[in-house]
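*Asks:* The listed protein sequences derive, respectively, from chains Z and F.
Heads up: the first sequence begins at 1 in the numbering used here, then just goes up one per residue.
Heads up: the second sequence begins at 1001 in the numbering used here, then just goes up one per residue.
For each residue, glycine too, the CB sits at the ideal point set by N, CA and C.
The structure presented is a predicted model; accordingly, all values stated were derived computationally and were not measured.
Protein chains: 2
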Amino acid sequence: MDPGYVTLEQVAEHAGVSLATASRVINGSTRQVSQRLREKVEASAHELGYLANASAQTLARNSSSLMGLVVHDIADPYFSQIAAGVTRYAEELGLVLVLGTTNRSTQAETRIISALRSHRAKAIVIAGSRTTSEESDARLAKEIEAFGRQGGRVALVSQATLPADTVTPNNHSGAAALAQHLVAQGHRRFAILAGPPNLRTARERLDGFHCALSAAGLELAHHNVVHGDFTRDGGYESTRRLMALGTDATCLFAVNDVMATGAIAALRAMGKTVPEDLSVAGFDDIPTLRDLTPSLTTVRLPLEEMGERAAALALDSDHHGEPRVVSVEGTVMARESTAPPRN
Amino acid sequence: MDPGYVTLEQVAEHAGVSLATASRVINGSTRQVSQRLREKVEASAHELGYLANASAQTLARNSSSLMGLVVHDIADPYFSQIAAGVTRYAEELGLVLVLGTTNRSTQAETRIISALRSHRAKAIVIAGSRTTSEESDARLAKEIEAFGRQGGRVALVSQATLPADTVTPNNHSGAAALAQHLVAQGHRRFAILAGPPNLRTARERLDGFHCALSAAGLELAHHNVVHGDFTRDGGYESTRRLMALGTDATCLFAVNDVMATGAIAALRAMGKTVPEDLSVAGFDDIPTLRDLTPSLTTVRLPLEEMGERAAALALDSDHHGEPRVVSVEGTVMARESTAPPRN
DNA sequence: CACCGTTGGGAAAACTCTTTCCCAGAGTAG
DNA sequence: CTACTCTGGGAAAGAGTTTTCCCAACGGTG
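The following block contains the structure:
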């Protein structure tokens, strides 16, 4: 009856040494083992095809080689980019990455984090903007705190209200820079697809854009700001509503690229051409969207790098003070979807 | 000194019962526990904030709640779609998903699988076409076999040479159906961006397309088939090479959507318009690419569903015979990037 | 009322490692 | 030559669960 795996005890026996010695050979412990025994153990391990039992190791060491990543939706290119960065960093350190998706449910989020806690994960990266709801934040903060007491560390991507290291895009300044660019192009009246009203990221981009307009002495008409889902279809839908009400705007700013994509599709369906009838700009610079026609004016965010840096923060175990905040600047990518307005 | 976690023993003590009883209450075992004790234990567990140690459970049960997913690149929308399907299924069953990315290295692949083996994962889904290299397949087959002996199960997405359950798109028939559609539109001379020569998926799509042309009595000129990377940039590059050599084709078939995207970009850069100067078709129907202009004629694959079905196969533990193969048909999506050729 | 089967509780072994602690032997200094 | 310090090996004690095995109590049958 082949159980399918070999234990360290069998390796030790096969090599004619004690369990302790075998253990010391397999994982280079601080203790020395003589060359002779070392070779014997290594030979036996190889011959028997020994593979350590990770759970037993985790239990004995009380620390695992797992790292967690929590995203809203892995099929969303925004998150899959970040995931690629986190993955790369984890792989480099020989860590195993656990992926949890929340579908924007805070309940799922706490469930996932508690699962990671139960697995004694080393660190967790939580990506994805949070709603501004106080009460779900409190629940999450409690989980994070519990995780910290266990010796785990958390880093966040693009959200700064929780007590943990954070990598956050400077949404405010990115949106402001975009606004300045558009104003310089000659636009004076803007419409905004502002996404969900309580989503922090969406809010910051809206605010940044708004501020820059104010600074330029321009007003943003209330009826030109429409809220909707943070998705392609949300952008489509919001644009239809905006146009149905009529707008005098010459430029439409969607607070992320996928919404901008939906907006362009909606405008095309209505027989409007971009940028001739209306300019459209987005935010994020999603790689898969770079080949849209017209190509999208947007703000580039180094998403993969952000993931990597968040992973690095989460795994930097010798920092123990105030949460650190790394702010990442976006750069305006001027492309075809915006053009000076026709007078 | 707060260790940060509560053990089952502490719960048992707090509730005034034995460790065995506490264990039986927390995970509904087959054994009954009286209502009275059950409530006491539950109350204690809740009061102390008990969270089971997953490693200890895995060790004791010799079976974990982990499920593995192996992809080439999580930022590639093809894989992130599949990942979304697998995730959904895993989450439904309360399993924790471990994500491994190989960057198309078979070495990384075996490393990841052995890590999953060491964690006593329940099942693994391996997504992504394999190269047709015999020798790396053999190594992988050995890992999979070892995993099976441990009681784990593997399912593959889109590759059928290994001895494990497989969900595979019918690349051959999908490409053939696409070819038929294009021939019916009036095209007679085709060029193909065939991807890497040794990549199974690419090969099958090429073959299917080729077969259908032959059946229609059409030839495929050798110089009209160009190989290159399976990526957006590979498509761009391949198209440039194709056009530099000159082609008489009226329609260009790229064996996946991202390559088709690169092709359209390259053509545009050369001042050619699609579909007027040249029709372009792809394969996969990546959602984020649906808003391209012109919209892409392609073959739709239900990627998320494929991921889900693969997960289901991998977790269906009462099947123990020959590997099963689930074939998924693609459907031709006729859109704007192809049009009847101008005579 | 004796016997038997069932129910529910607890003690303890098992799972596979890591690490502490102890000990023998070798080397070194006084 | 003794005493002391290293060095490297092994026995055994954990780590936190699950599960087997044993036992007491109870209810029903003849």
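Can you list, in chain order, the residues of its chain whose CB lies under 6 angstroms from that of ILE113 of chain Z, leaving out five sequence neighbours each side?
*Replies:* Stepping through the first sequence from its first residue, residue 113 of chain Z is reached at position 113. If we look at ILE113 of chain Z and ignore the five residues flanking it on each side, its Cβ neighbours are GLU143.
*Asks:* Can you check which of these residues, Z:PRO77, Z:ASP73, Z:VAL98 and Z:ALA84, is closest to THR106 of chain Z by C-alpha distance?
*Replies:* Residue numbering aside, residue 106 of chain Z sits at position 106 when the first sequence is read from its first letter. For THR106 of chain Z, the nearest C-alpha among the options comes from Z:ASP73.
*Asks:* My assumption, with CB atoms under 8 angstroms, is that PHE230 of chain Z sits in contact with ALA176 of chain Z. Please give the rounded CB distance.
*Replies:* Counted from its first residue, the first sequence places residue 230 of chain Z at position 230. Counted from its first residue, the first sequence places residue 176 of chain Z at position 176. Actually they are not in contact, since the Cβ atoms of PHE230 of chain Z and ALA176 of chain Z sit about 20 angstroms apart, beyond 8 angstroms.
*Asks:* Below 9 angstroms between beta carbons is the criterion; list the residues of the segment 285 to 301 of chain Z that meet it against any residue of chain F, in chain order.
*Replies:* Here the close residues are ILE286, PRO287, THR288, LEU289, ARG290, ASP291, LEU292, THR293 and PRO294.
*Asks:* Verify the CB distance criterion: does LEU59 of chain Z have a CB-CB separation below 9 angstroms to chain F?
*Replies:* Position 59 of the first sequence holds residue 59 of chain Z. By this cut-off, LEU59 of chain Z is an interface position.
*Asks:* Strictly under 9 angstroms for the Cβ-Cβ distance: is TYR1005 of chain F near chain Z by that measure?
*Replies:* Residue 1005 of chain F sits at position 5 when you count from the first residue of the second sequence. TYR1005 of chain F counts as touching chain Z.
*Asks:* According to DSSP, simplified to helix, strand and coil, what is ARG1300 of chain F?
*Replies:* To locate residue 1300 of chain F, count along the second sequence from 1; it is residue 300. Residue state, collapsed to three classes: strand.
*Asks:* Assuming contact is defined by CB atoms lying nearer than 9 angstroms, are VAL125 of chain Z and VAL96 of chain Z in contact in what I supplied?
*Replies:* For the purposes of this step, residue 125 of chain Z is identified with residue 125 of the first sequence, where counting begins at 1. For the purposes of this step, residue 96 of chain Z is identified with residue 96 of the first sequence, where counting begins at 1. It is not a contact, given that the beta carbons lie outside the stated cut-off.
*Asks:* What's the gap between the Cα of SER1317 of chain F and the Cα of LEU66 of chain Z?
*Replies:* Within the second sequence, residue 1317 of chain F is the residue found at index 317, counting from 1. Within the first sequence, residue 66 of chain Z is the residue found at index 66, counting from 1. SER1317 of chain F and LEU66 of chain Z: Cα-Cα distance of roughly 26 angstroms.
*Asks:* Assuming ARG1038 of chain F contacts VAL1025 of chain F under a Cβ cut-off of 8 angstroms, what Cβ separation, rounded to an integer in Å, is found between them?
*Replies:* Here residue 1038 of chain F corresponds to residue number 38 of the second sequence, with the count starting at 1. Here residue 1025 of chain F corresponds to residue number 25 of the second sequence, with the count starting at 1. Sure, about 5 angstroms apart at Cβ, within 8 angstroms.
*Asks:* For ILE264 of chain Z, does the three-state DSSP call read helix, strand or coil?
*Replies:* The residue you call residue 264 of chain Z lines up with position 264 of the first sequence. ILE264 of chain Z: helix per DSSP, three-state reduction.
*Asks:* Taking all protein chains shown into account, do 16 or more other C-beta atoms lie within 10 angstroms of the C-beta of MET306 of chain Z, making it buried, or fewer, making it exposed?
*Replies:* Locating residue 306 of chain Z in the first sequence gives position 306, where the first residue counts as 1. Classification of MET306 of chain Z: buried, given that the 10 Å Cβ count is 16 or more.
*Asks:* PRO1196 of chain F to ALA1216 of chain F, Cα distance in whole Å?
*Replies:* Indexing the second sequence from 1 puts residue 1196 of chain F at position 196. Indexing the second sequence from 1 puts residue 1216 of chain F at position 216. If you take the alpha carbons of PRO1196 of chain F and ALA1216 of chain F, they lie about 26 angstroms apart.
*Asks:* Using beta carbons (cut-off 9 angstroms, strictly below), is GLU1336 of chain F in contact with chain Z?
*Replies:* The residue you call residue 1336 of chain F lines up with position 336 of the second sequence. Not closer than 9 angstroms to any Cβ of chain Z, the Cβ of GLU1336 of chain F fails to qualify, so no.
*Asks:* Under 8 angstroms by Cβ, that's how I've got VAL1183 of chain F and LEU1218 of chain F pegged, so tell me the actual separation to the nearest angstrom.
*Replies:* Here residue 1183 of chain F refers to the residue found at position 183 when the second sequence is read from its first residue. Here residue 1218 of chain F refers to the residue found at position 218 when the second sequence is read from its first residue. Yes, they are in contact, since the Cβ atoms of VAL1183 of chain F and LEU1218 of chain F sit about 7 angstroms apart, within 8 angstroms.
*Asks:* Is PRO275 of chain Z helix, strand or coil by DSSP?
*Replies:* Numbered from its first residue, the first sequence carries residue 275 of chain Z at position 275. Note: PRO275 of chain Z maps to coil in three-state DSSP.
*Asks:* Closest to VAL1299 of chain F by C-alpha separation, out of F:ASP1285, F:GLY1049 and F:ALA1311, would be which residue?
*Replies:* Mapped onto the second sequence, residue 1299 of chain F falls at position 299. Checked all of F:ASP1285, F:GLY1049 and F:ALA1311; the closest Cα to VAL1299 of chain F is F:ASP1285.
*Asks:* With a cut-off of 9 angstroms, does the C-beta of SER1044 of chain F fall near any C-beta of chain Z?
*Replies:* As a working mapping, residue 1044 of chain F is identified with position 44 in the second sequence. No, no contact with chain Z.
*Asks:* Please report the distance separating the alpha-carbon of GLN1081 of chain F from that of ASN1170 of chain F.
*Replies:* One-based indexing of the second sequence puts residue 1081 of chain F at position 81. One-based indexing of the second sequence puts residue 1170 of chain F at position 170. Whole-angstrom Cα-Cα distance: 18 angstroms.
*Asks:* How would you call GLN1032 of chain F, buried or exposed, if buried means at least 16 neighbouring beta carbons within 10 angstroms?
*Replies:* What you label residue 1032 of chain F is simply residue 32 of the second sequence in a count that begins at 1. Exposed is the call here.
*Asks:* Alpha carbon to alpha carbon, how far is VAL70 of chain Z from SER63 of chain Z? Give it in angstroms, no decimals.
*Replies:* Stepping through the first sequence from its first residue, residue 63 of chain Z is reached at position 63. Stepping through the first sequence from its first residue, residue 70 of chain Z is reached at position 70. Those two C-alpha atoms are separated by around 20 angstroms.
*Asks:* Closer than 8 angstroms is the cut-off here; do at least three beta carbon pairs connect the segment 1234 to 1242 of chain F with the segment 1261 to 1269 of chain F?
*Replies:* Result yes; three or more Cβ-Cβ pairs closer than 8 angstroms.
*Asks:* Output the boundary residues of the beta strand (DSSP E) element that contains VAL1328 of chain F.
*Replies:* The residue you call residue 1328 of chain F lines up with position 328 of the second sequence. Residues 1325 to 1328.
*Asks:* Just the Cα atoms here: how many angstroms apart are SER1158 of chain F and LEU1303 of chain F?
*Replies:* Taking the first residue of the second sequence as position 1, residue 1158 of chain F is located at position 158. Taking the first residue of the second sequence as position 1, residue 1303 of chain F is located at position 303. So the alpha carbons of these two residues sit roughly 10 angstroms apart.
*Asks:* Compute the beta-carbon to beta-carbon distance between THR1293 of chain F and LEU292 of chain Z, rounded to the nearest angstrom, for a pair I have assumed lies under 8 angstroms.
*Replies:* If you number the second sequence from 1, residue 1293 of chain F lands on position 293. If you number the first sequence from 1, residue 292 of chain Z lands on position 292. That pair is a contact at about 7 angstroms.
*Asks:* How about PRO1341 of chain F and THR1273 of chain F: are their beta carbons less than 9 angstroms apart?
*Replies:* In the second sequence, residue 1341 of chain F corresponds to position 341, counting from 1. In the second sequence, residue 1273 of chain F corresponds to position 273, counting from 1. Not in contact: PRO1341 of chain F and THR1273 of chain F (Cβ atoms no closer than 9 angstroms).
*Asks:* Measure from the C-beta of LEU1267 of chain F to each C-beta in chain Z and report whether the shortest distance is under 9 angstroms.
*Replies:* The residue given as residue 1267 of chain F occupies position 267 in the second sequence. So no, LEU1267 of chain F is outside the interface.
*Asks:* Distance cutoff 9 angstroms, beta carbons only. Does THR1110 of chain F sit that close to anything in chain Z?
*Replies:* By one-based count along the second sequence, residue 1110 of chain F stands at place 110. Output row for THR1110 of chain F: interface = no.
*Asks:* Tell me, which residues are paired with ASP1165 of chain F by DSSP?
*Replies:* Against the second sequence, residue 1165 of chain F aligns to sequence position 165. ASP1165 of chain F is bridged to F:ALA1155.
*Asks:* Could you have a look at GLY195 of chain Z and say whether DSSP puts it in helix, strand or coil?
*Replies:* Locating residue 195 of chain Z in the first sequence gives position 195, counting from the first residue. If DSSP states are grouped into helix, strand and coil, GLY195 of chain Z belongs with the strands.
*Asks:* Counting only C-beta atoms, is VAL1328 of chain F closer than 9 angstroms to chain Z at any point?
*Replies:* The count along the second sequence starts at 1 and reaches residue 1328 of chain F at position 328. Answer no: the Cβ-Cβ gap between VAL1328 of chain F and chain Z never drops below 9 angstroms.
*Asks:* Have a look at GLU336 of chain Z and ARG203 of chain Z and give me their C-alpha separation to the nearest angstrom.
*Replies:* Taking the first sequence and counting its residues from 1, the one referred to as residue 336 of chain Z is at position 336. Taking the first sequence and counting its residues from 1, the one referred to as residue 203 of chain Z is at position 203. If you take the alpha carbons of GLU336 of chain Z and ARG203 of chain Z, they lie about 26 angstroms apart.
*Asks:* What does the alpha-carbon distance come out to for the pair ALA1339 of chain F and GLU1276 of chain F?
*Replies:* Residue 1339 of chain F sits at position 339 when you count from the first residue of the second sequence. Residue 1276 of chain F sits at position 276 when you count from the first residue of the second sequence. Near 7 angstroms, if we compare the C-alpha coordinates of GLU1276 of chain F and ALA1339 of chain F.
*Asks:* Name the chain F residues whose beta carbon is nearer than 9 angstroms to that of GLY151 of chain Z?
*Replies:* Taking the first sequence and counting its residues from 1, one reaches residue 151 of chain Z at position 151. Neighbours of GLY151 of chain Z on chain F, chain order: GLY1004.
*Asks:* Going by beta-carbon coordinates alone, are PRO77 of chain Z and VAL258 of chain Z separated by less than 9 angstroms?
*Replies:* Taking the first sequence and counting its residues from 1, the one referred to as residue 77 of chain Z is at position 77. Taking the first sequence and counting its residues from 1, the one referred to as residue 258 of chain Z is at position 258. In contact: PRO77 of chain Z and VAL258 of chain Z (Cβ atoms closer than 9 angstroms).
*Asks:* Check whether the Cβ of GLU1091 of chain F lies closer than 9 angstroms to any Cβ atom in chain Z.
*Replies:* Counted from its first residue, the second sequence places residue 1091 of chain F at position 91. With 9 angstroms as the cut-off, GLU1091 of chain F counts as an interface residue toward chain Z.
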